[in-house]
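There are 2 protein chains.
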Amino acid sequence: MANSAGVGHDLGWALGAVFRCYARTVTEAMATLPGGPRGYQVLSAAVHAAPRTQLALAQQLGIDRTVMTYLIDDLARAGLIERQSDPTDRRARRVVATEAGRSELDQLDDALRTAEEVVLAPLDETDRATLRGLLCRVARHAMAGPDEAATGALG
Amino acid sequence: MANSAGVGHDLGWALGAVFRCYARTVTEAMATLPGGPRGYQVLSAAVHAAPRTQLALAQQLGIDRTVMTYLIDDLARAGLIERQSDPTDRRARRVVATEAGRSELDQLDDALRTAEEVVLAPLDETDRATLRGLLCRVARHAMAGPDEAATGALG
DNA sequence: TATTGTTATACTCTATAACTATA
DNA sequence: TATAGTTATAGAGTATAACAATA
């Protein structure tokens with residue numbers, strides 16, 4: 267394919283290839299988690315942040331609220347999170363992580379670290395830091411512009 | 267979300283954000299092209315490389331051969347490519363670009379250049395080259411490992 | 001019998017709308 | 001009347017399987 271007319275291809279191709287490699291590794295690591303990568307997002311939010319309602323969670327993560335219902339159904343069935351009645355509004359449900367959920371998240375985070383290692387394998391520490399820095403600068407700029415609700419979806 | 271336990275998030279988040287920003291811009295640029303980004307891949311292959319059969323094209327681009335049928339139907343209906351009988355194998359159809367297809371591809375390539383500019387806007391020329399270089403190194407390594415048929419798919 | 005391309009069918013994911021129970 | 005959550009329905013996109021023509 268070494269045609270020089272490839273244009274924007276250089277960046278687009280590399281970006282796509284790297285993203286897919288990372289996404290594939292991450293998705294594999296989350297193969298057994300209900301909801302896959304998005305299940306991870308919900309679980310992570312439930313563990314790290316104060317309990318929020320399903321709607322708040324859905325808006326934060328850029329997930330449709332009807333999808334959030336199924337997602338939480340599955341995660342709750344797996345015993346990773348729980349729905350708790352909101353004492354101040356009996357319509358709302360607060361999403362909280364269980365002990366099992368916290369432990370599961372720890373394992374998943376390990377897997378994510380590994381996935382990152384796999385992707386960055388060909389670079390030494392200096393180059394990794396450089397790539398991270400440049401990507402983050404570009405990412406922050408990209409998020410600043412248009413409305414970007416999704417905070418970590420894979421694709 | 268400023269929790270330091272965010273783990274691999276730094277890379278994964280930035281990668282996802284940048285990728286989605288680029289993918290969105292590119293997809294918008296190809297909104298009127300039949301088949302969207304994948305229509306572009308087929309058109310580009312038809313223009314730049316020697317005519318190939320639908321199956322060869324499908325395998326090269328990582329597209330299912332049944333999808334390729336629809337894709338080529340739409341591109342042909344738009345007058346951008348043509349199906350030609352393969353003289354050496356009457357089962358096969360060679361995919362070739364029309365003049366209109368070539369011209370359309372030129373315009374799309376312009377749009378891609380612009381999309382790249384949009385994404386890389388916050389970086390100066392030196393940093394852009396650095397990012398490109400690092401991403402390409404990582405991408406080449408990622409492609410070398412597992413079977414990666416898809417050469418430029420976005421989603 | 002195997003292969004290219006097409007067509008028909010089914011499945012997955014997601015979005016839309018309707019429903020309930022609260023407010 | 002509006003909102004949180006659920007459920008039901010429909011749509012897009014994709015994969016699977018069956019088919020026709022040719023090798």
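Here the protein sequences line up with chains A and B, keeping their order.
Going letter by letter, the first sequence gives residues 267 to 421 in my numbering.
Going letter by letter, the second sequence gives residues 267 to 421 in my numbering.
A virtual CB, placed ideally from N, CA and C, is assigned to each residue, including glycine.
Cβ neighbour criterion (16 or more within 10 Å) applied to residue i
i: Tyr336 (chain A); result: exposed
i: Gly278 (chain B); result: buried
i: Val333 (chain B); result: exposed
i: Phe285 (chain B); result: buried
i: Ala295 (chain A); result: buried
i: Glu382 (chain A); result: buried
i: Asp330 (chain B); result: exposed
i: Arg379 (chain A); result: exposed
i: Asp471 (chain B); result: Here chain B has residues from 267 to 421 only, and residue 471 (chain B) is not among them.
i: Ala280 (chain A); result: buried
i: Arg357 (chain B); result: exposed
i: Gln373 (chain A); result: exposed
i: Ala408 (chain A); result: buried
i: Ala268 (chain B); result: Residue placement at Ala268 (chain B) is flagged as unreliable, the pLDDT there being 35, under the threshold of 50; a coordinate-derived value is accordingly withheld.
i: Thr291 (chain A); result: buried
i: Ala366 (chain A); result: exposed
i: Ala410 (chain B); result: exposed
i: Asp413 (chain A); result: Below a pLDDT of 50, predicted positions are generally treated as unreliable, and Asp413 (chain A), at 49, falls in that range; no measurement from the model is reported.
i: Ala289 (chain A); result: buried
i: Asp355 (chain A); result: exposed
Partner residues on chain B for residue i, Cβ-Cβ distance less than 7 angstroms
i: Leu323 (chain A); result: Within chain B, no residue comes near Leu323 (chain A); the closest Cβ sits about 13 angstroms away, beyond 7 angstroms.
i: Pro388 (chain A); result: Arg403, Val404, His407
i: Val333 (chain A); result: Within chain B, no residue comes near Val333 (chain A); the closest Cβ sits about 18 angstroms away, beyond 7 angstroms.
Presumed contact (8 angstroms Cβ cut-off) between residue i and residue j, rounded CB distance
i: Val361 (chain A); j: Gln320 (chain A); result: 6 angstroms
i: Val313 (chain B); j: Arg394 (chain B); result: About 27 angstroms; that fails the 8 angstroms criterion.
i: Cys402 (chain A); j: Asp276 (chain B); result: 7 angstroms
i: Glu370 (chain B); j: Leu346 (chain B); result: 6 angstroms
i: Arg359 (chain A); j: Arg343 (chain A); result: So it is not a contact: roughly 15 angstroms between Cβ atoms.
i: Ala311 (chain B); j: Leu299 (chain B); result: Not really, about 14 angstroms apart at Cβ, beyond 8 angstroms.
i: Ala377 (chain A); j: Leu309 (chain A); result: Not really, about 13 angstroms apart at Cβ, beyond 8 angstroms.
i: Gly305 (chain A); j: Leu341 (chain A); result: 6 angstroms
i: Ala283 (chain A); j: Ala297 (chain B); result: Not confirmed; about 24 angstroms, so no contact.
Within chain A, the residues that residue i reaches when beta carbons sit closer than 7 angstroms
i: Asp393 (chain B); result: Leu400
Partners in chain A for residue i, counting only beta-carbon separations shorter than 9 angstroms
i: Arg360 (chain B); result: Chain A residues near Arg360 (chain B): none, gap ~19 angstroms exceeds 9 angstroms.
i: Val308 (chain B); result: The contacting residues do not exist; Val308 (chain B) stays about 14 angstroms from chain A at best.
Chain-ordered neighbours of residue i on chain B, where CB pairs are closer than 8 angstroms
i: Thr396 (chain A); result: Thr396, Leu400
Neighbouring residues, chain B, relative to residue i (Cβ below 9 angstroms)
i: Leu327 (chain A); result: Going along chain B, no residue has its Cβ under 9 angstroms from Leu327 (chain A), so there is no contact; the nearest lies around 11 angstroms.
i: Glu348 (chain A); result: Here the premise fails: no neighbours, minimum Cβ distance about 21 angstroms.
(request) Report the residues of the segment 272–306 of chain B with a CB closer than 9 angstroms to any CB of chain A, ordered along the chain. (result) Gly272, Val273, Gly274, His275, Asp276, Leu277, Gly278, Trp279, Ala280, Leu281, Gly282, Ala283, Val284, Phe285, Arg286, Cys287, Tyr288, Ala289, Arg290, Val292
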